[in-house]
Amino acid sequence: MEERYDFARLEEKWRRRWEEADLYRCVEDEERPKKYILVMFPYPSGPAHMGHVANYNLGDVLARYFRRRGMNVLHPMGWDGFGLPAENAAIRSGVHPSKYTWDNIALLKEGLQRLGYSYDWSRELATCDPEYYRWTQWFFLKFYERGLAYKALAWANWCPSCRTVLANEQVVGGRCERCDTLVEQKALPQWFLRITDYAERLLADMDQLSGWPESVLTMQRNWIGRSEGCEVTFRVKETGQEIPIFTTRPDTLWGVTFFLLAPEHPLVDELTEGTPYREGVQAFRERLKGVSAIERTSLEAEKDGVFLGAHAVNPVNGEEVPIWTANFVLMEYGTGAVMAVPAHDQRDFEFARKFGLPIKVVIQPPGGDLRPEEMTEAYVDPGIMVHSGPFEGLDSEEGRTVRVPDYLEERGWGKRAVNYRLRDWLISRQRYWGVPIPIVYCSRCGMVPVPEEDLPVLLPEDVEFIFEGPSPLERSEEFRRTVCPRCGGEAERETDTMDTFVDSSWYYLRYASPRDKDRPFDPRAVRYWLPVDQYIGGIEHAIMHLLYSRFFTKVLKDLGMVDFDEPFTNLLCQGMVVMGGAKMSKSKGNVITPEGFIDSYGADTLRLFILFLGPPEADKEWNEAGIEGAHRFLHRVWRLVHRYLDILTFKTQPVPEDAEVLKRLSHLTHRTIKKVTEDIERFAFNTAIAAIMEFTNGLYREIEEYPDAFNTYEGHEAIRSLILLLAPFAPFITEELWEEVGGEFSVHQQPWPDYDPRLARSERITLVAQVDGKVRDRIEVDADVAEEEMERIALSSPKIRKNLEGREIARVVVVPGKLVNIVTR
RNA sequence: GCCGAAGUGGCGGAAUGGGUAGACGCGCUGGUCUCAAAAACCAGUGGGGUUUCCCCGUGCCGGUUCGAGUCCGGCCUUCGGCACCA
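Just add 24 to wherever you are in the first sequence, counting from 1, and you've got my numbering.
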């Protein structure tokens, strides 16, 4: 028997034993209920850091808990291997992205293994493994076949000095992070996935996501940004061209006094070609360089724009209004053109005031009389339509939703339309370290998809990494030159790679059958394991990753590959581990790694400490003060169990069966089982641990005073329950202690302890007596005290009577089993 | 700026359905043990006062209620996301 808590030795011992016993391997078993618990896989940026520990702790506790509740648990781990940092490393230090990534994966894996997470490592995957990314390419082809992947012009950050495309991250203050040159926007032909086709379903199916935090659903709903309104066609007076616009306020059509185009709108160039206005447009665009869309569209941003010398004709009244281009109009939203109604839209109002454009009131507030010259802001609320042709005097809400849309449709000037803020998903990246898009360009056949049997399109190893100029793939002759799969003639490969969010949009499916050579996943395995029962990940992924994964799942359902609509039934979004208020990241240089702490205190201590730091959803400021406390607690448990083992070794006095101490032990045990069980179910791991600490403190008090009481059924039950309850949180020490108390290997395979509600219930409660809502006395009473009895006890309390002297009782509020409040006049 | 969160002792946090604010832990103070120290154990620990008791107190201002950390309205600060970081 080991007397000292030698965490290093025992953690090493059990790590090996678990591996030998293949304790966490899982296989499909139709006889048992399954539970798929998944924590978002990491980008391998280096060794494990505290953020990873905080993340993966949560999944591991749940996996261990549900296994012991008899569930067949799938708890896998893998690597989101592609990404920008690997390529930056290659440029900076000449390390090949592949080596950089696989080295980091090895480091990170070692860190996670030291922490004792119960993954089925046989299912490990990496998105940068050709065996994985061939299927990412395969999915691209399926999307392409269904018309869900298409190529179109799109804007990219362009550094004119480096002649390269920049990620948003590489643009700092509107300038290139390397050479400080003002970043421009450049239009490139790029690949998109048609997520907007699924906007309606992404919204509608949210009613299946009752297991998601409401805040995440709200963010997604707002991101999709569905709005109902009308599409109305204006005509350019000078050229006769038709320009459709989208508006949610058709009731304000009679108040249009000018017309706006996004700066990137092709008509801006067309209309000003060879006119004196061209110069103004150039100057305006120059001012927009280096200004992000967020800044441009900020409500507080200074309005900017220029007149284009042309006019738009309003279909409803034939009025000709000037066409301008303005900074706050986005090409990506709607049609890139808007009708401007300065009286009833704040941004239009500010623009009109700045450039002296007319303001025309067409909605009067109820009982009000707005005059354009007196207005200080736009009137955006409903009211009565005025100066609006046939709709004079109509309620604007009726005009907006029914009458005006009908009117436009009857005359063919416009139609009801739904617009989304959501844009199609731009997946093209002009980078090396990603999945090559499996498309070939043939001079004869045009764009040709790579046949399935030719997948994967492998990334060439031998390429050059420099920051400037075209991407390594584009410069690689060897990669680009190929033959057309259709005609066999000379052809060129697509050199764009895919956004890494594509890789992570389907990895949860691959875990079901990670070694399948013939398909992305085995439908039978997926039918058994999917959807993910509990998904866990950072709140920073609330929108994009989760939305893209939902989209992928829906497309897969349409392809007949899965039979569910939503990939993640329940979602837990945890906060981040922050350092000095900022999230831990290598680029900020504030990464704390677990290794040193594991060396000094052991993995159990670190796991326990991080869980104890606070609730999962909250951000956690890293502060190592307190880790000693977690270690001290494990030491206390260790010593308590050994004290108990000592008692068993020596003969002890028999304890009478009705002894109060035995009742107290039972109550303490069952109360704790109840509390810990309920807390785990609601992810309150910090309070579950606090309850186990209280349990330990309570047992200490009893064992000091009544050691004999521990050589009884109640004593054995208490000690064994302590070990069983602590096991999901501190898997190593509990395995050792379990063995020492004669438990059967493994503690992690023991059924979760049950509690007896009668024993968990307290017999006495504290009755709180208040006068006018202020606590004046606390009286201990039987738990099953009647309401009238509570009132009588409170009123007879000397402290209460003293407080009531000279006052008249107005009423008495009794909260059964809790409190009596005496209200005076 | 827009969308979504969060603000409670010296610190991390607890209070699960409107009902005892501060569980549990850290830190600190005092004590026991020791030649001494460490460890361990015991006691105390929101602020204030006229200290058997009373007052104040959950970011700020206001409201609802017998009763508000919790609900409502308005603000402030911090964090996350904003479509090429993942």
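For every residue, glycine included, the Cβ atom is placed at its ideal position computed from N, Cα and C.
Under the DSSP assignment, Ile567 falls outside any alpha helix (DSSP H); it carries neither an H nor an E label. In this structure Ile824 is not in contact with Thr848, their Cβ atoms being roughly 11 Å apart against a cut-off of 8 Å.
From the listed residues Met355, Pro680, Phe719, the smallest Cα separation to Leu658 is found for Phe719.
The bridge partners DSSP lists for Cys183 are Thr188. As the crow flies, the alpha-carbon of Phe734 is around 14 Å from that of Arg663. 9 Å or more divides the Cβ of Asn79 from the Cβ of Glu52. Scanning its chain for C-beta atoms nearer than 7 Å, with the 5 sequence neighbours on each side dropped, one finds around His694 the residues Tyr779, Asp780, Leu783, Ala784, in chain order. For Tyr60, the uninterrupted beta strand (DSSP E) segment begins and ends at 58-63. Per DSSP, the unbroken alpha helix (DSSP H) holding Met814 starts and ends at 811-820. Here the region 446-458 makes contact with the region 520-529; the two share three or more CB pairs at distances below 8 Å. Taking the Cβ atoms as the reference, Gly94 lies roughly 15 Å from Ile61, outside the contact range of under 8 Å. Under DSSP, Lys644 shares a beta bridge with Val601.
Residues of the same chain with a CB within less than 7 Å of the CB of Gly75, apart from the 5 flanking positions on each side, are Met600, Val601, Met608 in chain order. Scanning the region 90-130 for uninterrupted beta strand (DSSP E) segments of 3 residues or longer gives 96-98, listed from N- to C-terminal end. Around the beta carbon of Gly380, a 10 Å sphere encloses fewer than 16 other beta carbons of the protein chains shown; the residue is thus reported as exposed. With contacts defined as CB atoms closer than 9 Å, Ala361 and Pro396 fail to qualify as a contacting pair. Arg33 and Tyr625 have their alpha carbons spaced roughly 12 Å apart.
Residue burial annotation: Leu570 is buried, with at least 16 other C-beta atoms found within 10 angstroms of its C-beta. Cα atoms of Asp127 and Pro66: separation of roughly 14 Å, rounded to the nearest angstrom. A check of alpha carbon separations from Arg445 across Asp623, Glu477, Leu227, Glu374 identifies Leu227 as the nearest. According to DSSP, Cys203 shares a beta bridge with no other residue. Under the 8 Å Cβ criterion, the region 414-429 does not count as touching the region 228-239, having fewer than three qualifying pairs.
In its chain, beyond the 5 residues on either side, Ile622, Ala627 have a beta carbon closer than 7 Å to the beta carbon of Arg138. An exposed status is given to Met471, since fewer than 16 other beta-carbon atoms sit within 10 Å of its beta-carbon. For the pair Pro480 and Trp278, the Cα-to-Cα distance works out to about 58 Å. Assigned with DSSP and collapsed to three states, Asn845 falls in strand. Within the same chain, Tyr465, Arg504 come within 6 Å of Glu516 by CB-CB distance, once the 5 residues on both sides are set aside. Look at Tyr532 here: in three-state DSSP terms it is helix. Leaving aside the five residues that flank Lys578 on each side, the residues in its chain whose CB is nearer than 6 Å to its CB run, in chain order, Tyr222, Arg225.
Counting along the chain, the unbroken beta strand (DSSP E) around Pro268 starts and ends at 266-271.
Two segments are said to touch when three or more pairs of C-beta atoms, one from each, lie closer than 8 Å; by this definition the region 188-199 does not touch the region 157-166. Shown here for Leu217: same chain residues with a beta carbon closer than 7 Å to its own, the five before and five after excluded, namely Phe167, Leu172, Ala173, Asp448, Trp449, Ile451 in chain order. Here Ile461 carries a coil assignment [DSSP, helix/strand/coil].
For Leu149, the pairing in a beta bridge is given by DSSP as Gly102. A contact is defined here as three or more CB-CB pairs under 8 Å, and the region 270-287 meets this definition with respect to the region 343-362. From the listed residues Ala72, Arg259, Glu288, the smallest Cα separation to Ala178 is found for Glu288.
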